[in-house]
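These notes concern the structure reproduced below.
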Amino acid sequence: MDCNQPNLWPAWRHAAERADIDAALRDLYARLDNAVAARGPTCWQSGKCCHFEAYGHRLYVTGLEIAWFLRQGAGQGPGYGDQESGERQPDRAATKFALPLIPDPRTPDSASGASAASGVSGASGDSGDSGGCPYQHENLCTVHAIRPLGCRVFFCQEGTQDWQQQLYEQFLNELRDLHDSHGLEYRYMEWRAGLHDAAACGFAQSTGDR
């Protein structure tokens with residue numbers, strides 16, 4: 001797979017390294033988490049929603065979110081959550097194994113476009129080959145503390161759809177405003193395809209060096 005956003009990933013990465021943008025994203029995610037918690041939804045931890053093909057939906061994120069996510073160390077070995085102290089700490093079950101390195105789609109094993117549509121090829125865990133999130137292991141999220149906006153607001157529990165949509169639109173608009181206020185290009189992309197494009201553009205090989 002070719003790099004589709006060669007000029008944008010460096011800008012998103014540089015932005016993710018900035019203390020003010022890092023703080024703004026953390027604040028946005030924290031406020032969203034609080035808003036979700038106030039509505040009292042239940043997550044049964046079935047992991048079904050992370051098997052995108054089987055569940056019949058997609059996770060869409062912004063390029064800046066992927067850049068920030070990778071900047072936290074995702075895909076660079078042990079799974080890490082983000083703590084207010086700024087120190088890396090193991091996130092949930094992630095200490096049991098190493099998170100997958102995001103493969104370079106230019107290699108023979110992952111060069112086809114189908115790879116991006118069916119999960120990150122070669123990823124550890126249960127979902128890489130089944131069309132799911134490469135960061136899921138035994139139905140648990142190994143990057144729960146640094147997951148993107150769409151993951152934070154989605155629940156499969158009946159009766160939650162209306163407020164989910166309301167919160168999603170509200171905080172996605174805030175995320176877009178963050179792009180605009182810092183002169184960043186806004187791009188909305190499918191999660192796995194975005195991870196692959198970041199790798200194809202040389203992003204993943206040099207992240208996690210905070």
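So in my numbering, spot 103 of the sequence shown is number 103, and the numbers just go up one at a time.
Each residue gets a CB set at the ideal place from its N, CA and C atoms; glycine is no exception.
- Rounded to the nearest whole angstrom, the C-alpha separation of arginine 176 and alanine 200 is 25 Å.
- For the 8 Å CB-CB criterion, valine 61 and arginine 152 do not form a contact.
- Distance from the Cα of leucine 28 is smallest, within the candidate group Pro148, Asp2, Leu59, for Pro148.
- In the DSSP assignment, glutamate 174 falls within the unbroken alpha helix (DSSP H) covering 161-181.
- Around the C-beta of cysteine 50, 16 or more other C-beta atoms lie within 10 Å, and the residue is accordingly described as buried.
- DSSP places valine 36 in the uninterrupted alpha helix (DSSP H) bounded by 19-38.
- Taking asparagine 139 as the centre and dropping the five residues before and after it, the same chain places the C-beta of Gly47 closer than 6 Å to its C-beta, in chain order.
- Between the alpha carbons of glycine 183 and leucine 8 lies a distance of about 12 Å.
- One thing to note: glycine 194 has its Cβ within 8 Å of the Cβ of isoleucine 66.
- In this structure, leucine 167 places its C-beta atom within 8 Å of the C-beta atom of leucine 32.
- For the set Gln165, Asn173, Leu64, the Cα lying nearest the Cα of alanine 198 is the one of Leu64.
- CA-to-CA, the gap between glycine 131 and tryptophan 191 works out to about 12 Å.
- Scanning its chain for C-beta atoms nearer than 7 Å, with the 5 sequence neighbours on each side dropped, one finds around phenylalanine 155 the residues Pro41, Cys43, Gln164, in chain order.
- Secondary structure at leucine 59: coil, using DSSP grouped into helix, strand and coil.
- Counting the other CB atoms within 10 Å of its CB gives glutamine 72 a total of 16 or more, which places it among the buried residues.
- For aspartate 197, the enclosing alpha helix (DSSP H) has its first and last residue at 191-200.
- For the pair tryptophan 68 and alanine 30, the CB atoms are not nearer than the 8 Å cut-off.
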